[in-house]
Amino acid sequence: MPASVARSPGPYRLLVAALVALLLGLGLFEEEVFDALGHLWHPAGAPAAVPGITTHGWPVAISYRLLYAVLNVALLHLLLHGRYTVAAVLAYTAGYAAGAGLLWLGQRAGLPIAALTGHRVLDVLSSPLPVMFAYPLALLTGPKAPAHPAL
1 MPASVARSPG PYRLLVAALV ALLLGLGLFE EEVFDALGHL WHPAGAPAAV
51 PGITTHGWPV AISYRLLYAV LNVALLHLLL HGRYTVAAVL AYTAGYAAGA
101 GLLWLGQRAG LPIAALTGHR VLDVLSSPLP VMFAYPLALL TGPKAPAHPA
151 L
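Take a look at the structure:
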């Protein structure tokens, strides 16, 4: 069998397209996703809102952010053929920790600029923007790693 037939890019492209569609759908239908997560986490009633931090409740807010992060990291993993996956996970972890820390600090210490900055950091991480910036930057770092190491 020819190598071009054995390594068809069709399924790969379909998976990348599906991840891009899911990411865009999460952003376009944000309220519907929040409602669905709210019904999942709070089937009996309204979530416990935390004023100034989340109107959807902690489990819903965290689930939404984690869903976005997982889809972004999966897309980067596919686009970069496994390179920088650990770095992407660590960057998301650090970014979410920094955003949540600023939000918490802003609420506790009465610093509205810190709370607003924390919200903005979390909002940027929960969007396709990190992929849009990380992918071209990763391509500038050098050639792709070989698909299979030489034996």
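If you count the sequence shown from 1, position 135 lands on 135 in the UniProt record's numbering, and the numbers rise without skipping.
Quick reminder that beta carbons are idealized off the backbone N, C-alpha and C, glycines included.
Delimiting residues of the alpha helix (DSSP H) encompassing residue i
i	result
residue 39	30-41
residue 84	No alpha helix (DSSP H) contains residue 84, which DSSP labels as neither H nor E.
residue 121	112-125
Burial state of residue i, where buried means 16 or more other Cβ atoms lie within 10 Å
i	result
residue 66	exposed
residue 88	buried
residue 11	exposed
residue 9	exposed
residue 82	exposed
Test item: CB-CB of residue i and residue j under 8 Å
i	j	result
residue 78	residue 15	yes
residue 102	residue 121	yes
residue 115	residue 106	yes
residue 76	residue 134	yes
residue 60	residue 95	no
Cα-Cα separation, residue i to residue j
i	j	result
residue 141	residue 84	11 Å
residue 22	residue 111	35 Å
residue 132	residue 109	34 Å
residue 35	residue 69	19 Å
residue 20	residue 26	10 Å
residue 125	residue 44	30 Å
residue 58	residue 51	11 Å
residue 97	residue 40	25 Å
residue 18	residue 127	16 Å
residue 48	residue 139	43 Å
residue 5	residue 93	Legend: pLDDT at residue 5 = 48, less than 50; position of this residue unreliable, no value from coordinates given.
residue 62	residue 33	13 Å
residue 1	residue 64	Low per-residue confidence applies at residue 1: pLDDT is 46, beneath 50, and the placement is therefore not dependable, though the value from the model is reported in the following sentence. Approximately 44 Å, taken between the alpha carbons.
Chain C contact for residue i (CB, 8 Å cutoff)
i	result
residue 40	Judged by its chain identifiers, the structure shown contains no chain C, having just a single protein chain.
Under the three-state DSSP convention, the category residue i falls into
i	result
residue 134	helix
residue 54	strand
residue 4	Here residue 4 scores only 49 on pLDDT, less than 50, and its place in the model should not be relied on; the value that follows carries that caveat. Here residue 4 sits in helix by DSSP.
residue 140	coil
residue 106	helix
residue 45	coil
Proximity test, residue i beta-carbon vs the ligand SAM heavy atom, cut-off 7 Å
i	result
residue 123	Inclusion of the ligand SAM in the displayed structure is not the case, the ligand content being empty and no account of it being possible.
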